[in-house]
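Visitor: Residue numbers (the numbering used here): 4 to 191.
Where a beta carbon is used, it is the ideal one built from N, C-alpha and C, also for glycine.
Computed from a predicted model, the values in this text were never measured in an experiment.
Below you'll find the structure I mean.
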């Protein structure tokens, strides 16, 4: 009887450890499924939008060295000064918004840029089409994992050098939220 209780305890500890270690991967899969199904509530539960917006804004903002350039002077560049005076004062449309939509997040989780992804396999597709789509990838990898933070990398199909990295942070024992998206080098 004692030996059976020991086996049960060891088995339970192994199952708990495996579930704890694989929870970020399942959070990523849930995010991919929620965005593909356009489930707003499930996506909101899986993404910390203010943190992701802040991280993407920092990556997509123009270089600070070019924004600190002195405006043209009327004495040195009269045409440039007139052009600057006529330009609309409204700020440009934020580039971050297309990444934080459901189709944008769905494209990112599959390794593509927002608006450049092929349509996902539909739920009514035949089983062989679904299996082929699942087998061809992209397969997410885990380049970094610790008990409170995990990074999941997705390579773009056809371009193995373009990797999008999703950073998940643990909020509860088995609850992980997306807090950062690192775009590939050429897209920042």
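(1) Which value, in whole angstroms, describes the spacing of the CA atoms of residue 17 and residue 102?
(2) Please work out which residues of its chain come closer than 6 Å, Cβ to Cβ, to residue 156, disregarding the five sequence neighbours upstream and downstream, and give them in chain order.
(3) How many angstroms separate the CA atom of residue 106 from the CA atom of residue 177?
(4) Would you identify the three-state DSSP class for residue 176, choosing helix, strand or coil?
(5) Looking at C-alpha atoms only, which residue of 186, 185, 174, 187 is the closest neighbour of residue 30?
(6) Could you say if the segment 72–81 and the segment 148–162 meet the contact criterion of at least three C-beta pairs nearer than 8 Å?
(7) What three-state label does DSSP hand residue 13 in the structure shown?
(8) Please list, in chain order, all residues of the same chain as residue 159 whose beta carbon is under 6 Å from its beta carbon, the five residues on each side excluded.
(9) Please report the straight-line C-alpha distance between residue 35 and residue 139, rounded to a whole angstrom.
(10) From residue 193 to residue 87, what distance separates their C-alpha atoms?
(11) Which of helix, strand or coil does DSSP assign to residue 158?
(12) For residue 61, does the three-state DSSP call read helix, strand or coil?
(13) Please list, in chain order, all residues of the same chain as residue 27 whose beta carbon is under 6 Å from its beta carbon, the five residues on each side excluded.
(14) Cβ atoms of residue 43 and residue 182: under 8 Å apart, would you say?
(15) Assuming residue 60 and residue 13 make a contact with CB atoms under 8 Å, what is their CB distance in whole Å?
(16) Return the residue from the list 112, 148, 184 that minimises the CA-CA distance to residue 25.
(17) Decide if residue 64 is buried, meaning its Cβ has at least 16 other Cβ atoms within 10 Å, or exposed.
(18) If you count every other CB in all the chains shown that lies within 10 Å of the CB of residue 132, and 16 or more means buried, which is it?
Guide: The structure says:
(1) 38 Å
(2) 144, 146, 166, 168
(3) 26 Å
(4) coil
(5) 174
(6) no
(7) helix
(8) 114, 165
(9) 16 Å
(10) Outside the modelled stretch of the chain, which goes from 4 to 191, sits residue 193, for which no answer is possible.
(11) strand
(12) helix
(13) 153, 171, 179
(14) no
(15) That belief does not hold up - the Cβ atoms of residue 60 and residue 13 are roughly 48 Å apart, past 8 Å.
(16) 148
(17) exposed
(18) exposed
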